[in-house]
Amino acid sequence: MNPTRPGAGWIEVITGPMFSGKSEELIRLLRRAAIARQRVEVFKPALDDRYSEGDIVSHSQWRVPCRLVERAEEIRTRLDPRTEVVGIDEAQFFDDALPAVCGHLANLGKRVIVAGLDMDYRGVPFGPLPVLLAVAEEVHKIHAICTSCGAPAAYTQRLIESDERVVVGASGVYEARCRRCHEPEGAPPASEPWLFPPGDDSDQKEEG
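Using this note's numbering, the letters of the sequence shown map in sequence onto residues 1 to 208.
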């Protein structure tokens, strides 16, 4: 996507399940911006230390240097004013201020590229991603491959038992699943009755 006029800012979101190549696509876009001689700055949450503290690293070991931040607001305050392209990885781990921060940067004329999980292991929308998906000018929703049947996978399956919503890990802890093969743990919050995990058969039970 190109802005409608020179200097116009916008927000792009790269989303999907784990192992779908979100970080790899983010790195690809950031590298292209750098080749175009644009000033690029990259951030990720301090919580994500799976591969490297000083880089964004994809599962295929592509990497790009980044800065660690604890809160979304730190991205705005620590950003070099001359930066033209802002990359943000693992957006689901940030607080709810992230959409406002991204919107502020886009209003300043910056291209903001955000990557993150759209759903948690239960199939429930995750962190600030739902809002970002709504306000972004462009959304790249990419799929992984279901480890059970080989179909396109949009869900993340947790393989270990835990009551925590956030358990940082990769292979051995999570794998990608399609809707049919996904086995969600728990149920959506009562405050979000519109959410039905994959495999939900409530309609069938009512009709029967």
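Cβ atoms here follow ideal geometry from the backbone N, Cα and C, with glycine treated the same way.
_For Val13 and Leu68, what's the separation of their Cα atoms in angstroms?_
19 Å
*Is any beta-carbon of chain B found at less than 8 Å from that of Ala106?*
This model lacks chain B altogether; it includes just one protein chain.
*asked:* Looking at the secondary structure, which residues open and close the beta strand (DSSP E) in which Val13 lies?
replied: Trp10 to Gly16
*asked:* Distance check for Cys149 and Gln92, CA to CA, integer angstroms please.
replied: 27 Å
*Is Ala176 helix, strand or coil when you go by DSSP?*
strand
*When DSSP labels each residue in this structure, what does His140 get in the three-state scheme?*
strand
*Is Ala154 helix, strand or coil when you go by DSSP?*
coil
*Go ahead and pull the three-state DSSP assignment for Val124.*
coil
*Compute the Euclidean distance between the alpha carbons of Gly121 and Arg111, then round it to the nearest angstrom.*
Strictly speaking, residue 121 in this sequence is Tyr, with Gly absent from that position. The alpha-carbon atoms of Tyr121 and Arg111 are separated by roughly 30 Å.
*asked:* Taking the alpha-carbon of Ala176 as reference, which of Pro17, Leu129 and Gly9 has the nearest alpha-carbon?
replied: Pro17
*Please classify Pro45: is it buried, with 16 or more other beta-carbons within 10 angstroms of its beta-carbon, or exposed?*
buried
*Sorted by chain position, which residues of the same chain lie with C-beta nearer than 8 Å to Arg39's C-beta, five sequence neighbours on each side aside?*
Asp80, Arg82, Thr83, Glu84 and Val85
_Identified DSSP bridge partners for Ile113_ = Glu12 and Gly87
*Hey, could you find the ends of the alpha helix (DSSP H) Arg39 is sitting in?*
Arg39 -> no alpha helix (DSSP H), and no H or E assigned at all.
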